[in-house]
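Below you'll find the structure, written out as structure tokens, and then a few comments.
There are 2 protein chains.
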Amino acid sequence: MARKKQTDDQRAARREEILDAAMHVFETQGGIAAVSFRNVAAKAGISYSAPYRYFTDKDDLLNALRARAFRWIESEMKQAMKSKRSATAKLEALARAYVTAGVSCPDRYELMFFELDNTDIARNSLELRAAKNDALGVCTDVIIEGQESGAFSDHLDPLVASHLFWTGAHGLVSLEVSGQFVMGCTIDQLIAPLFQTLQSQILNSENQDSHTIAANG
Amino acid sequence: MARKKQTDDQRAARREEILDAAMHVFETQGGIAAVSFRNVAAKAGISYSAPYRYFTDKDDLLNALRARAFRWIESEMKQAMKSKRSATAKLEALARAYVTAGVSCPDRYELMFFELDNTDIARNSLELRAAKNDALGVCTDVIIEGQESGAFSDHLDPLVASHLFWTGAHGLVSLEVSGQFVMGCTIDQLIAPLFQTLQSQILNSENQDSHTIAANG
DNA sequence: CTTTTTTGTTGACAGTGTTAATTTAACAGT
DNA sequence: ACTGTTAAATTAACACTGTCAACAAAAAAG
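If you read the sequences in order, they're chains A and B. Residue numbers for the first sequence follow our numbering, so the first one is 1 and each next one is one higher. Residue numbers for the second sequence follow our numbering, so the first one is 218 and each next one is one higher.
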């Protein structure tokens, strides 16, 4: 029994070793394109087919890498929040940290969102789903905190509100990272108005059901 | 001269033929993964290396396909706008059409944004860049129209404003298409508050420089 | 008609993901 | 210690892929 347990640990350690190698290849060899079983195995010092004992698929391996990336961006957000006290400040810090992290590490961001080999979310490993939920949870928690303290309006479900922030942040990073902002419009011009808009409109109680927008005059 | 022009047309026609074959493979064989030179060439009835006379790269071929996709989503937006008169109605119709198109054709949307083999935008074909600009231009033009008619505030550059809309719409579609909305939050819950927010806050003149958001109370 | 340029074909190379067969190593039971 | 059993790791092989070089066919230019 104890024996069995130990071999499980060893197994997990080996898996982690392979993941380390994969991460190293990913970071140093130029992103996702460089991550092949043969490449990773070579870096880990094992034969090219050995990783199949630890990952069913290439997608399985990539999912594990994705999970790491989500944990990383989660920690970036938490780090940026640490010095802030109010929910408003936390929310802004978190959002800016997300964008900064994504923009400054485009390879990781690409890994997280731009490789949907199989859209089959059911195949998403529990590991990845958990990491993703935890990352989004950072935002959701701050919004809950703000609503409970009365700093934010509660006319929106915290989950919906955090999804809205995520949508904005992801749209920003995604378009920037894939080089879509052209014609003299930079991401720096967009960050402020976007988050300002999201904060004021979503977290304030006014205008919560004005479906048609009146022209100003 | 006329002779020369005609052979150019023939060449362009062949190129279009190959693109048609590529599009067919893309649509019927399961998206981007199925588009290989060999596959496309087989569908076009030529040998597997012949497309190299018309496309320098696989990326070159994909760029041409991407251009078609952008033209398509542009026409979808214009179609949806046709019945609308006011700039406000046009803007809403355009935004919804963009989201609907993207969500209902995830393969095409993936093609447009999720395959940045080379982030080198300089290599983006003129064809693609033009198609992209035209698609975004639909939104920019409506905003200009709204600003000129006084329906929208002009405190934002129309280009920046349209980029903001694009950011929101793309964030929405991108997250939806890659299956990120989980835990009981659907895209339908997000569309209305997001666009309502963008419209009212960005296109109204109030709150244009309230950098810190006051707590409501 | 000859020469040159443009198209299309085939063969080849270096990779890839993945599976099957096979060897190596570590454990359990007697 | 010698089994038998099970897991781990390796190698060979298959069916692909993008890409290029060598070559044949055809068309255009002179």
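Heads up, the beta-carbon is just placed ideally off N, CA and C, and yes, glycines get one too.
- The three-state reading of DSSP puts leucine 373(B) in coil, since its state is none of H, G, I, E or B.
- The continuous alpha helix (DSSP H) containing phenylalanine 412(B) extends over residues 404-414.
- Valine 355(B): member of the alpha helix (DSSP H) spanning 343-365, first to last residue.
- Three or more beta-carbon pairs separated by less than 8 Å are not found between the region 310-330 of chain B and the region 158-172 of chain A, which leaves the two stretches without contact.
- Chain-order list of chain B residues neighbouring glycine 45(A): empty, with the shortest C-beta distance near 29 Å, by a criterion of under 8 Å.
- When the five nearest sequence neighbours on each side are left out, the beta carbons in the same chain lying within less than 8 Å of the beta carbon of isoleucine 191(A) are those of Arg96, Val99 and Leu172, in order along the chain.
- For the pair asparagine 341(B) and asparagine 280(B), the CB atoms are nearer than the 8 Å cut-off.
- Chain order gives the chain A residues near glycine 388(B) as Trp166, Thr167, Gly168, Ala169, His170, Gly171, Leu172 and Ser174, where near means a beta carbon separation below 8 Å.
- One Cα belongs to methionine 77(A), the other to cysteine 185(A), and the distance between them is close to 26 Å.
- Residue burial annotation: leucine 343(B) is exposed, with fewer than 16 other C-beta atoms found within 10 angstroms of its C-beta.
- When C-beta atoms of the region 368-378 of chain B are compared with those of the region 290-308 of chain B, three or more pairs fall below 8 Å, so the two segments count as touching.
- Burial check for glycine 363(B): the Cβ neighbour count within 10 Å reaches 16 or more, so the residue is buried.
- Judged by pairs of C-beta atoms under 8 Å, the region 259-271 of chain B does not touch the region 323-331 of chain B, as fewer than three such pairs exist.
- The C-beta distance from methionine 23(A) to arginine 66(A) rounds to 11 Å, too long to meet the 8 Å contact threshold.
- With a threshold of 16 other beta carbon atoms within 10 Å, serine 417(B) meets it and is buried.
- Proximity to serine 178(A) across Glu332(B), Ser395(B) and Leu415(B) peaks at Glu332(B), based on C-alpha coordinates.
- Isoleucine 144(A) is not a Cβ neighbour of proline 410(B), given a cutoff of 8 Å.
- In the three-state reduction of the DSSP assignment, isoleucine 32(A) falls in the helix class.
- A check of alpha carbon separations from phenylalanine 330(B) across Val242(B), Val355(B) and Ala386(B) identifies Ala386(B) as the nearest.
- Contact check for valine 160(A) against leucine 94(A) fails: the beta carbons are separated by 8 Å or more.
- Within the region 4-27 of chain A, contact with chain B at the beta-carbon level (separation under 7 Å) is assigned to no residue.
- Secondary structure of isoleucine 263(B) (DSSP, three-state): coil.
- Contact of cysteine 185(A) with chain B by beta-carbon distance below 7 Å involves Leu376, Val377 and His380.
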